Amino acid sequence: MESFEILTRRRTEFVDITDHVRQAIKRQGISQGICVVYCPHTTAAVTINENADPDVTHDILAWLNRAVPQQQPDFRHGEGNSDAHIKSSLVGSSVTLLVDQGDLVLGRWQGVYFCEFDGPRTRSVHVQALVTTTT
Amino acid sequence: MESFEILTRRRTEFVDITDHVRQAIKRQGISQGICVVYCPHTTAAVTINENADPDVTHDILAWLNRAVPQQQPDFRHGEGNSDAHIKSSLVGSSVTLLVDQGDLVLGRWQGVYFCEFDGPRTRSVHVQALVTTTT
Amino acid sequence: MESFEILTRRRTEFVDITDHVRQAIKRQGISQGICVVYCPHTTAAVTINENADPDVTHDILAWLNRAVPQQQPDFRHGEGNSDAHIKSSLVGSSVTLLVDQGDLVLGRWQGVYFCEFDGPRTRSVHVQALVTTTT
């Protein structure tokens with residue numbers, strides 16, 4: 025298992041971590057298998073989406089921030105970041121990627137994003153690869 | 025693969041299953057790898073979120089129940105639980121956890137939750153661990 | 025890793041791919057382990073939900089299309105499909121299934137769906153199985 029840190033700069037923000045994940049795969053020397061990218065935080069998430077046009081992640085965040093307002097009358101959690109916990113469970117704490125011929129199998133427009141929902145903070149990401157073995 | 029049952033007590037409810045999962049990992053004797061926690065029901069889910077302050081899961085459920093009302097004019101499914109099916113696909117049927125040194129790798133505030141969206145019922149959860157092997 | 029193609033026929037549509045996945049498992053000769061079903065597209069997703077009553081997937085799509093409208097004033101992405109990217113990150117790019125005794129471990133009502141959010145198109149799906157090995 026490998027870990028790396030990232031520094032987020034806004035309360036909500038998508039950070040492209042594709043290169044970090046790709047380098048971890050190469051360091052672990054996996055030729056074929058899967059790779060789990062795991063977020064150990066409960067007010068953040070990881071997802072896969074387009075990394076060509078930055079307007080796409082802008083629009084995803086715009087929708088999430090409108091659909092899940094920070095303050096709502098029946099929220100009880102005293103830290104004022106219940107919206108971040110909700111977004112974390114909607115988007116998910118991990119993504120599972122495929123590895124083939126020693127590299128990530130990503131679609132043409134896909135990148136891996138760390139999703140900050142309660143920043144800015146220093147955050148950790150874990151990467152664990154598993155080799156395919158055949159019976 | 026191991027399975028365990030839980031009894032839910034309300035229509036919508038988060039049940040902390042972290043200890044069940046941790047014990048399954050120890051019984052399977054996995055030192056390093058991943059662990060998939062799988063929900064075989066289409067009106068429930070599993071997620072990872074904060075298990076320190078119970079107000080967090082209250083707020084997540086409050087948002088989900090408001091965002092996905094049980095009755096909506098264009099719903100066709102006759103059982104009246106379409107909202108539960110929707111929540112199941114939003115939150116997800118499984119989580120993938122990392123295992124290191126024989127234990128779950130969880131962030132400081134993270135726990136594993138079974139998410140009941142159409143209870144109360146008796147529910148099953150499956151746990152399957154995979155060992156990391158290096159090339 | 026195996027891949028197959030599907031042809032979608034509407035802008036938003038759920039296509040049952042359970043049989044495709046089951047056949048891939050059998051071809052790969054996996055007796056026990058996990059199976060990752062991966063969508064390499066950023067305007068589509070995969071999910072697990074009921075495959076008995078087609079009204080269920082109708083209702084899931086009805087909710088998603090209402091909750092995430094195609095046009096919103098603050099969307100910037102010029103292709104007009106930001107809603108599809110948002111739905112992709114909400115539902116998720118992959119599902120992880122369990123395999124036991126050479127077959128998928130699915131709950132009684134569960135099927136695997138490809139979720140088209142910006143069709144009609146020809147789409148690809150990847151399937152990668154991993155064998156459980158015990159220490």
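Protein chains in written order, with the working numbering: chain A, 25 to 159; chain B, 25 to 159; chain C, 25 to 159.
Yeah, the Cβ is synthetic: ideal placement off N, Cα and C, and Gly gets one too.
Quantities reported herein were computed from a predicted structural model and do not represent experimental measurements.
Residue-chain proximity (residue i, chain C), Cβ-Cβ < 7 Å
i: A/D83; result: yes
i: A/L167; result: In the structure displayed, chain A extends from 25 to 159; residue 167 of chain A sits before or after that span and is not available.
i: A/T159; result: Only weak support is given to the placement of A/T159: the predicted model assigns it a pLDDT of 41, under 50, and the value that follows is read from those uncertain coordinates. Taking Cβ atoms only, chain C reaches closer than 7 Å to A/T159, which makes this a yes.
i: B/D142; result: no
i: B/F99; result: yes
Whole-Å CB distance - residue i paired with residue j, under 8 Å assumed
i: A/V129; j: C/H101; result: With 8 Å as the limit, A/V129 and C/H101 do not qualify as a contact, their Cβ atoms being about 25 Å apart.
i: B/V45; j: B/V136; result: 5 Å
i: C/L85; j: A/L114; result: Incorrect: roughly 17 Å between the Cβ atoms, too far for contact.
i: B/A69; j: B/G116; result: 6 Å
i: C/T36; j: C/N89; result: 6 Å
i: A/W133; j: C/V92; result: At roughly 19 Å, the Cβ-Cβ gap does not stay under 8 Å, so A/W133 and C/V92 are not in contact.
Proximal residues of chain C, C-beta to C-beta of residue i below 9 Å
i: A/L130; result: P64
i: A/A48; result: Per Cβ cutoff of 9 Å: no residues; A/A48 is ~18 Å from chain C at best.
7 Å Cβ cut-off: residues of chain A touching residue i
i: B/E74; result: T66, H109
i: B/Q134; result: P64, T66
As assigned by DSSP and simplified to three states, the class of residue i
i: A/L88; result: helix
i: C/L114; result: helix
i: A/R51; result: helix
i: B/R46; result: helix
i: C/V80; result: helix
i: A/H109; result: helix
i: B/F38; result: strand
i: C/V136; result: strand
i: B/D98; result: coil
i: A/D142; result: coil
i: B/G57; result: strand
i: B/T71; result: strand
i: C/H65; result: coil
i: B/T120; result: strand
i: B/V129; result: coil
i: B/R147; result: strand
i: A/S26; result: What sits at residue 26 of chain A in the sequence shown is Glu, not Ser. In the structure shown, A/E26 sits in a strand (DSSP, three-state: E or B).
i: A/T159; result: Note on A/T159: pLDDT 41, under 50, position unreliable in the model; the coordinate value appears next. Note: A/T159 maps to coil in three-state DSSP.
Within-7 Å CB hit, residue i to chain A
i: C/Q152; result: yes
i: C/S27; result: no
Contacts that residue i makes with chain C (C-beta to C-beta distance below 8 Å)
i: A/G116; result: G116
i: B/V91; result: Looking at the sequence itself, residue 91 of chain B is Ala, so the reference to Val does not match. A91, listed in chain order.
Residue i: contacting residues in chain B (beta-carbon distance under 7 Å)
i: C/I58; result: V60, Q152, L154
i: C/T71; result: S113
Minimum Cβ-Cβ distance from residue i to chain B less than 7 Å
i: C/V80; result: yes
i: C/Q94; result: no
Within chain B, partners of residue i - CB distance below 9 Å
i: C/R119; result: The sequence given here has Val at residue 119 of chain C, not Arg. Here the neighbours are G116, S117, S118.
Beta-carbon neighbours of residue i, restricted to chain C and to distances below 7 Å
i: A/D77; result: H101
Check: residue i C-beta below 6 Å from any heavy atom of the ligand MG
i: C/P97; result: In the structure shown, the ligand MG is absent, as is every other ligand, since no ligand is present at all.
Assess, as a yes-or-no matter, whether the stretch 113–126 of chain B is touched by the stretch 57–77 of chain B under the definition of 3 or more beta carbon pairs within less than 8 Å. yes
Does the stretch 102–112 of chain C touch the stretch 136–147 of chain C, meaning 3 or more C-beta pairs lie closer than 8 Å? yes
How about the stretch 68–83 of chain B and the stretch 38–53 of chain C: do they share at least three Cβ pairs that are nearer than 8 Å? no
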